[in-house]
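Beneath this line is the structure, given in structure tokens, with notes to follow.
2 protein chains.
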Amino acid sequence: MSYEKLTPRSQDFSAWYNEVVQRAELADYAPVRGCMVIRPYGYALWENLQKELDRRFKATGHKNAYFPLFIPLSFIQKEAEHIQGFSPELAVVTHGGGEPLAEPLVVRPTSETIIGYMFKQWIKSYRDLPVLINQWANVVRWEMRPRLFLRTLEFLWQEGHTAHATEEEAEEEALRMLNIYVDVAQNEAAIPVIAGRKSESEKFAGALRSYTIEAMMGDKRALQAGTSHNLGQNFAKAFEIQYLDKNNQLQYCWTTSWGMSTRMIGAIIMTHGDDQGLILPPRLAPIQVIVVPIWRSGNQDEKAKVLESVERIKRVLGETVRLEVDAREEYTPGWRFNEWELRGVPVRIEIGPKDIQNHQVVLARRDTREKITISQDQLAERVPALLDNIQKNLFERAKRFRDENTIELSDYAKFKEFMEGEGSRGFVRAYWCGSRECEAKIKEETKATTRCIPFEQPKSPGRCIYCGKDAKEQAIFAKAY
Amino acid sequence: MSYEKLTPRSQDFSAWYNEVVQRAELADYAPVRGCMVIRPYGYALWENLQKELDRRFKATGHKNAYFPLFIPLSFIQKEAEHIQGFSPELAVVTHGGGEPLAEPLVVRPTSETIIGYMFKQWIKSYRDLPVLINQWANVVRWEMRPRLFLRTLEFLWQEGHTAHATEEEAEEEALRMLNIYVDVAQNEAAIPVIAGRKSESEKFAGALRSYTIEAMMGDKRALQAGTSHNLGQNFAKAFEIQYLDKNNQLQYCWTTSWGMSTRMIGAIIMTHGDDQGLILPPRLAPIQVIVVPIWRSGNQDEKAKVLESVERIKRVLGETVRLEVDAREEYTPGWRFNEWELRGVPVRIEIGPKDIQNHQVVLARRDTREKITISQDQLAERVPALLDNIQKNLFERAKRFRDENTIELSDYAKFKEFMEGEGSRGFVRAYWCGSRECEAKIKEETKATTRCIPFEQPKSPGRCIYCGKDAKEQAIFAKAY
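Chain order of the listed sequences is C and R.
Taking the working numbering, the leading residue of the first sequence gets 103, the next gets one more, and so forth.
Taking the working numbering, the leading residue of the second sequence gets 103, the next gets one more, and so forth.
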């Protein structure tokens, strides 16, 4: 039984993506259009990501809570920009318990409004501030072009919601949480990101300022991997979230919100994967080490010896790494190697009769596909070190790829040429005057959008790539998911 | 500022319950009728319960996954009993993305149907079995008489769904998971439960057999705290979940489902609470120890010394117990004592100037409200032991209360008398012939329902409490939540 190959990424990246997601059993399309089923392997990856985020949220003083799925339609309409942004994407419940409802209920697309309503009940005085809350939840946005993990009608995420006494504190909070996203993306998911501010037209519907982390996928497109918003007093005014300050004066709060979603799984797949399939960063991989024992079919003595060694490997490594064994006799060793490469397990341990004789094992690393032979006595030391090394290598390789595919341009003709065609050639750093008009024209003419205005800027100002007027800052332009 | 007392339980149990839930900041009513907001303190309790369940599910080979919130209405209709049971409780989405939908979508009340549909795609051969899956999710059932945690329109739960090759394996699984619920209820939540089988009229809509754990609340009513269902081949036939057996014959699978929900938080409140408020079992309490430092107002020297000792206590206990400090100067010590009693923290450490002098602290246990004075050197040893002791005492106290309020009856006149009035006098163990008619008559005449047919039965048969005919088994009858 030969192992069926994936469509190569260079031939059709999108087909490759769908094949990997489904064949690695990360997710499946559900019978409802645009919805997904997250399968155990994909969900375990999500759980590992959740743990890393949740740990950091709690360490910075946030507490988890849970707010209702259903939001009265009138709530969404209270913040003018918010309803404009979200109204085309709403799922609406009109019947409950067999009766038509007096007021339709919206299935939450995000929870600023209902949480704003509760904040109003809970916050009375400056002593109640800040309120630092996070929610793990499902949300629904009616997507027209669904893609597994990237854009699904329902997705899982966390949404943080905080209220503060001052603008400074809200700003500080929004940036603190963006930095947590940078940390998790880079140090856990091994995805290099560019942190920056969203343009006015790309910001969250209802925010004062939106911050984002942007990553480059294997097809050189951009993907927004997490956002954090300083909502100013917009929601506080719409929902009357007020507090009495130390002078007994009534003040509006300043609020923030920030979210990261199951989309990050899409980012992991598209950042690290190759033509053999997934490559999972060791720190998040549900299985870090797969042991594939080998013996000649029917040779019970050989089988017993090999499996005895496998038990020893489990004892040595089982406590420190997430390890599984694939001893299925109905598949050849080659087929099993391919299967676990497709599933992106960082390290494979091969052990057969020859290895037993020499008291050795073969370690195959997924990222470079190199194999080394080591003594079984070295397992406890070498395997964790190899996982660390793979984690670092994945990050550095992705960063190199992004940097090699990022260009600084000042000439619009060259910009247009760079953005030509269906695919993407990468990121362009260019000065931009900040006007909505230039941004819209560029998008119309090239399909490239401003991904962010990076925090890291060159020392000197320049001229807008589109209109040539003075521009204080550069933006990252790219075709995006 | 004096501390406002709760309505005593003996006066109005239901008012007491609502006051405790809201004043202890476990939950709040949401602006949508029948929905709740789970506040951080209540959610932390849920997270601790989740951890204990999840750990046991994983240890027994189950994997988490996630299935869509929306289910096509036609799916719910495929299993005849299932649609009958659930159709009055459905919330229906009729519009999405601004358009009316061709087929209405149901917001999941439970996920047997959509998971059944996916099982059909995934299961081909006996090698694929068993499939052991669990989902953490929100579900919606249109409740007419909502109560926080007990019956809300939306609630959080886990729902396990498994598929097996044989009836025996499915039965074994259903019982295995019920036993996990027994374990978690008794050993983590300190709630004694009676495990047994549901009657035909009380079983899950679509199940072959339903198993349940039933607990007695402080007002002597019963509460169903977790259920596990052997679904037989009902859903397998409705959704064509089939596999090829070893002889290459197509067979229908046997499936199970099992769930425990945020209702358990209601059970914890109503089992252990007293007129001072919540009493949380130490193993699940978000805060196990609250330190209340005391000094004379304005005495900075005293304050510094007391807070220094508090730091030492944190160092000694902070790693092993979940500890917080309430050093708020705007509240008197007495007010703070009352507040943390209301919130059910198992152990309070009081430390003031006199205690500093004597190198001691006062430990106040929440369950018995006893105080003991111990040397500060004994903290590391005594506090964890005290928490264990409280955990045991809560369980034993609740068990004693239940046993004292459980009576065995064989005379229907006495049964009716026992069940008279609005309130509840407890559980009745009585022989029942098993007929739907007797059960329905008893319910009609006394408002008592069969809670379960306990696994533990007397050796000899008896006569049905209603019709006097031969009865093989006893049932537990009670007024229930």
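Cβ atoms here follow ideal geometry from the backbone N, Cα and C, with glycine treated the same way.
For residue j and residue i, the rounded distance between their alpha carbons
i                : j                : result
Ile173 (chain C) : Gln260 (chain R) : 23 angstroms
Pro395 (chain C) : Arg467 (chain R) : 56 angstroms
Phe616 (chain C) : Leu155 (chain R) : It is not possible to answer for residue 616 (chain C), since the shown part of chain C is limited to 103 through 583.
Pro383 (chain C) : Arg249 (chain C) : 22 angstroms
Arg229 (chain R) : Gln459 (chain C) : 33 angstroms
Arg417 (chain R) : Leu425 (chain R) : 10 angstroms
Asn120 (chain C) : Glu256 (chain C) : 18 angstroms
Leu419 (chain R) : Val447 (chain R) : 15 angstroms
Leu409 (chain C) : Glu510 (chain C) : 56 angstroms
Ser562 (chain C) : Thr508 (chain C) : 20 angstroms
Asp506 (chain R) : Arg243 (chain R) : One detail in the question is off: residue 506 (chain R) reads as Glu in this sequence, not Asp. One C-alpha to the other measures close to 35 angstroms.
Lys153 (chain R) : Ala387 (chain R) : 13 angstroms
Arg157 (chain R) : Ile578 (chain C) : 44 angstroms
Ile371 (chain C) : Gly198 (chain C) : 39 angstroms
Asn150 (chain R) : Asp321 (chain R) : 26 angstroms
Tyr583 (chain C) : Gln493 (chain R) : 52 angstroms
Gly481 (chain C) : Ile296 (chain C) : It is Leu, not Gly, that sits at residue 481 (chain C) in the sequence shown. Approximately 37 angstroms between the Cα atoms of the pair.
Ala117 (chain C) : Ser227 (chain R) : 28 angstroms
Where residue i sits in the DSSP three-state scheme
i                : result
Lys545 (chain C) : helix
Gly564 (chain C) : strand
Val408 (chain C) : helix
Thr373 (chain R) : helix
His184 (chain C) : helix
Trp356 (chain R) : strand
Tyr168 (chain R) : strand
Tyr345 (chain R) : strand
Ala334 (chain R) : Per the sequence presented here, residue 334 (chain R) reads as Gly, with Ala not at that position. In the structure shown, Gly334 (chain R) sits in a strand (DSSP, three-state: E or B).
Trp224 (chain R) : helix
Glu302 (chain C) : coil
Ala267 (chain R) : coil
Glu524 (chain R) : coil
Gln237 (chain C) : strand
Tyr583 (chain R) : coil
Burial state of residue i (16 or more Cβ within 10 Å)
i                : result
Arg311 (chain C) : buried
Ile474 (chain C) : exposed
Glu524 (chain C) : exposed
Arg430 (chain C) : exposed
Gly361 (chain C) : buried
Asn349 (chain R) : exposed
Met318 (chain C) : buried
Pro190 (chain C) : exposed
Leu352 (chain C) : exposed
Asp469 (chain C) : buried
Ser176 (chain C) : exposed
Lys305 (chain C) : buried
Which residues DSSP lists as bridging residue i, in chain order
i                : result
Arg253 (chain C) : C:Arg249
Leu465 (chain R) : R:Ile451 and R:Ile474
Glu201 (chain R) : R:Gly198
Ser537 (chain C) : The partner list for Ser537 (chain C) (beta bridge, DSSP) is empty, contrary to what the question assumes.
Tyr433 (chain C) : Beta-bridge pairing links Tyr433 (chain C) to no other residue.
Ser363 (chain C) : C:Trp259
Ile458 (chain R) : According to DSSP, which records beta bridges pairwise, Ile458 (chain R) is partnered with nothing at all.
Asp572 (chain R) : R:Arg565
Ile392 (chain R) : R:Glu426 and R:Arg450
Leu151 (chain C) : Leu151 (chain C) pairs with nothing; no bridge assigned.
Contact test: residue i Cβ vs the ligand COA heavy atom, cutoff 6 angstroms
i                : result
Arg553 (chain R) : Ligands are entirely absent from the displayed structure, and the ligand COA is therefore not among its contents.
To be precise: take each residue of the stretch 137-148 of chain R, compare its Cβ to all Cβ atoms of chain C, and keep it if any distance is under 9 angstroms. Which residues remain? Cys137, Met138, Val139, Ile140, Arg141, Pro142, Tyr143, Gly144, Tyr145, Ala146 and Trp148
If the cut-off is 7 angstroms on Cβ atoms, which residues from the stretch 321-339 of chain C count as contacting chain R, listed in chain order? none
For the stretch 163-175 of chain C, which residues have a beta carbon sitting closer than 7 angstroms to at least one beta carbon of chain R? Lys165, Asn166, Ala167, Tyr168, Phe169, Pro170, Leu171, Phe172 and Pro174
Near-chain R residues of the stretch 251-265 of chain C (beta-carbon distance less than 7 angstroms), N- to C-terminal order: Glu256 and Leu258
Quick one: which residues of the stretch 115-134 of chain R get their C-beta closer than 8 angstroms to a C-beta of chain C? List them in chain order. Asp130, Ala132, Pro133 and Val134
Could you name the residues of the stretch 349-381 of chain C whose beta carbon sits closer than 9 angstroms to any beta carbon of chain R, in the order they occur along the chain? Thr364
Members of the stretch 455-478 of chain C that neighbour chain R once the beta carbon cut-off is set at 7 angstroms: none
Taking Cβ-Cβ distances below 7 angstroms as the criterion, which residues of the stretch 172-201 of chain C are in contact with chain R? Phe172, Pro174, Pro190, Glu191, Ala193, Val194, Val195, Thr196, His197, Gly198, Gly199 and Gly200
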